[in-house]
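With our numbering applied, the sequence shown covers 158 to 426. Accompanying notes for the structure given below.
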Amino acid sequence: MSTERAYSTSAPSDLGGERINRSSYGTKAVWFFRALLLIPFVLMAPEVISALRGSPDGMANISASVADVLGTSTFLIFIMMLAVTPIYTMTGWRWHTVLRRDYGIAMFAVAGTDLTLAAITTGDTFPGTVLTRIGGHTFLVAGTLSTLLLVPLVVTANQPAQRWLGRHWKAVQRLTYVVWVTILIHLFLLFGLSAIFLEAVAVSMPLVILRLPWVRHWWTAVRRRGSRRVLRAVAAIALVGIFGLGFVPLANELAVRGSAAFVQKPNHD
Ligand code: HEM
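Next comes the structure, spelled out in structure tokens:
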């Protein structure tokens, strides 16, 4: 299909009042990335259905899988949401910007499910009341807080809320950065300076660097001028490489733990 033809099927969509022309390739890619958001629910479905049917291992299986599958999924969705703006800065692409809101809402849905299932099923690991299961350790408090902080973000992720809040809307959306920190604290308290925490830092680093105002302004300006191509290519390879060092093992962790959950043989460690 020629570029012209691809663009002839374009459908405009809205992002904060801005009109975006999305090619048919862009529309397909957006739906592909939206479809990925079903993965955590599909992976957990067999264990949840078994538990609802009263299977003897049902609750224990969910307890063993929930943090690994839904925690890792929530983090990966968060990271992909945070990658939307840096990808725009580096490439100038706009077809994917609609995903920022979709990924934010999906992150809340997955984290909320994580918190709910943890509150119901993890009594074997955290004996006590429901409050012990969601707040009996500082790492649990950090995980629960990260999830609860998503509520104002999701509630205000729409145009009526944006109009109502006016200039305060951005301040509310900045809670995203607080969530970023509380998630890293959650992982540091759980794992210290070991692999998962370091992977989380590695994926975060390029996303922070590309948000620094002077980096963002410089990159946007030279991209628009078409200058500094070699420097930009080297920087892009370095940043994408660091991102990959964190993202690939985390995605692999989800594949391994998620497939074990799907066949209802989680690691009860
Ligand atoms: C925004 C919300 C959250 C994010 C992004 C998140 C992220 C993660 C990640 C990436 C892991 C590592 C998983 C692995 O070992 O492969 C993890 C582990 C864990 N999370 Fe969370 N989490 C969140 C919320 C919660 C909540 C609400 C709870 C419970 C109340 C919780 C409890 C745990 C526990 C107990 C582990 C350790 C699992 C294990 O290694 O056995 N998390 N979390």
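Where is the CB? At the ideal position from N, CA and C, for every residue including glycine.
(message) Taking 6 angstroms as the cut-off, is the C-beta of S303 nearer than that to any heavy atom in ligand 1?
(response) Counted from its first residue, the sequence shown places residue 303 at position 146. For ligand 1, at least one heavy atom lies less than 6 angstroms from the Cβ of S303.
(message) Taking the straight line between their C-alpha atoms, what separation do you get for V255 and T377?
(response) Working through the sequence shown from its first residue, we reach residue 255 at position 98. Working through the sequence shown from its first residue, we reach residue 377 at position 220. Straight-line Cα distance between these residues: approximately 20 angstroms.
(request) Have a look at A192, L233, D225, T248 and flag the residue whose alpha-carbon is nearest the alpha-carbon of V379. (result) As a working mapping, residue 379 is identified with position 222 in the sequence shown. Here the closest residue by C-alpha is T248.
(message) Need the endpoints of the alpha helix (DSSP H) that S181 sits in, please.
(response) Numbered from 1 along the sequence shown, position 24 holds the residue referred to as residue 181. Start and end: 181-192.
(message) Quick check on T282: does DSSP put it in helix, strand or coil?
(response) For the purposes of this step, residue 282 is taken as residue 125 along the sequence shown, with counting starting at 1. T282: coil per DSSP, three-state reduction.
(message) Using CA atoms only, rank isn't needed, just tell me which of A275, G415, W321 is closest to F198.
(response) Walking along the sequence shown from the start, residue 198 turns up at place 41. When only C-alpha atoms are compared, the closest one is G415.
(message) With a threshold of 8 angstroms on Cβ separation, who are the neighbours of A192 within its own chain once the five nearest residues in sequence on each side are excluded?
(response) Counting from one through the sequence shown, the residue named residue 192 turns up at place 35. So the list is empty, once near-sequence residues are dropped.
(message) Tell me the rounded alpha-carbon separation between G269 and R320.
(response) In the sequence shown, residue 269 corresponds to position 112, counting from 1. In the sequence shown, residue 320 corresponds to position 163, counting from 1. Approximately 26 angstroms, taken between the alpha carbons.
(request) Determine the extent of the alpha helix (DSSP H) in which H374 is found, giving its start and end residues. (result) For the purposes of this step, residue 374 is identified with residue 217 of the sequence shown, where counting begins at 1. Counting along the chain, the alpha helix (DSSP H) containing H374 begins and ends at 370-382.
(message) I need the straight-line Cα distance from L307 to R257, nearest angstrom please.
(response) Counted from its first residue, the sequence shown places residue 307 at position 150. Counted from its first residue, the sequence shown places residue 257 at position 100. So the two alpha carbons sit approximately 14 angstroms from each other.
(message) So, under 8 angstroms CB-CB, T229 and L411 are touching, yes? Tell me the CB distance rounded to an integer number of Å.
(response) Reading the sequence shown from its first residue, position 72 is the one you call residue 229. Reading the sequence shown from its first residue, position 254 is the one you call residue 411. Indeed, because the Cβ distance is near 5 angstroms, the residues count as touching under 8 angstroms.
(request) Please report the Cβ distance between A359 and G403, rounded to the nearest whole angstrom; I am assuming they are in contact, meaning their Cβ atoms lie under 8 angstroms. (result) As a first step, residue 359 is located in the sequence shown; it is residue number 202 there, counting from the start. As a first step, residue 403 is located in the sequence shown; it is residue number 246 there, counting from the start. Contact flag correct, Cβ pair sits at about 3 angstroms.
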